[in-house]
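Trainee: This is the structure, below, for whatever I ask next.
Numbering (the working numbering), first residue to last: 5 to 203.
As structure tokens, this is what we get:
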């Protein structure tokens, strides 16, 4: 990486860290892009070379933090456990994080539907990566005899992710209470895996 690219990467890191700190301490609504730029030690005009809105920054913050969380979640899975249990281990780990910041999470799941062109490729790559991890989980379950060998794991992984996403949107829109989220998610996964999972 050349000097210019390193400088850009360093500036982007400072912007995301500044946004994360301010969202956590002031809240999303009270945080301005000017405050984020000041916290990052750059001008507001420079900030807009990297993002088009405060919502873009929220997506970037969550993408980084939730990405690390998902990576850790996969290390907690017992590959010999039933498939639904494996999925719930990962998803419950991540939903526990979201419950700590319900207001930011509500905005995050809303904004994922309307991601700006500037953020679209990063969000798409993020989604491809984690759906790919679930494909790996499901493929390993096939090898371990926990899933029917004829199951199209790519399609199933997308289906499971979509169910999670819909339930998270409903949770943070207020139509599902926190205590009901994981039981509903587990039930949705059981239905999706009906006749496919073994054990």
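For each residue, glycine too, the CB sits at the ideal point set by N, CA and C.
Quick check on the DSSP output: the alpha helix (DSSP H) that includes residue 96 runs from which residue to which?
Mentor: Run containing residue 96: 87 to 104, per the alpha helix (DSSP H) assignment.
Trainee: With contact counted as at least three CB pairs below 8 Å, one residue from each stretch, are the stretch 11 to 19 and the stretch 43 to 51 in contact?
Mentor: Segments in contact, yes.
Trainee: So what does residue 151 bridge to, in DSSP terms?
Mentor: Residue 151 pairs with 201.
Trainee: Do three or more CB pairs link the stretch 95 to 104 to the stretch 141 to 149 at distances below 8 Å?
Mentor: No, they do not touch.
Trainee: Compute the distance between the beta-carbons of residue 113 and residue 168, then report whether it is under 7 Å.
Mentor: No.
Trainee: Along the alpha helix (DSSP H) that carries residue 32, what are the first and last residues, could you check?
Mentor: It is not in any alpha helix (DSSP H) - residue 32 carries neither H nor E in the DSSP assignment.
Trainee: Taking 7 Å as the cut-off, decide whether the C-beta atoms of residue 87 and residue 151 are in contact.
Mentor: Going by C-beta atoms, residue 87 is nearer than 7 Å to residue 151.
Trainee: Could you give the DSSP three-state label for residue 57: helix, strand or coil?
Mentor: Residue 57: coil per DSSP, three-state reduction.
Trainee: In chain order, what residues of the same chain lie with their CB nearer than 6 Å to the CB of residue 192, ignoring the 5 residues before and after it?
Mentor: 167.
Trainee: Which term fits residue 8, buried or exposed, when burial requires 16 or more other beta carbons within 10 angstroms of its beta carbon?
Mentor: Per the 10 Å Cβ criterion, exposed.
Trainee: Would the stretch 64 to 81 count as touching the stretch 132 to 143 if we require 3 or more Cβ pairs under 8 Å?
Mentor: The answer is yes - the stretch 132 to 143 touches the stretch 64 to 81, with three or more Cβ pairs under 8 Å.
Trainee: Taking all protein chains shown into account, decide if residue 172 is buried (16 or more other Cβ within 10 angstroms of its Cβ) or exposed.
Mentor: The residue is buried, with at least 16 neighbouring Cβ atoms inside 10 Å.
Trainee: If you run the structure through DSSP and keep just helix, strand and coil, what is residue 169?
Mentor: DSSP places residue 169 in helix when its eight states are reduced to three.
Trainee: When you compare the stretch 26 to 40 with the stretch 77 to 85, are there three or more beta-carbon pairs, one atom per stretch, that lie closer than 8 Å?
Mentor: As far as the Cβ criterion goes, the stretch 26 to 40 does not touch the stretch 77 to 85, which means the pair count is below three.
Trainee: Which two residues bound the contiguous alpha helix (DSSP H) that contains residue 49?
Mentor: Element bounds for residue 49: 48 to 51.
Trainee: Which residue marks the beginning of the alpha helix (DSSP H) containing residue 195, and which one marks its end?
Mentor: Note, residue 195: alpha helix (DSSP H), 182 to 196.
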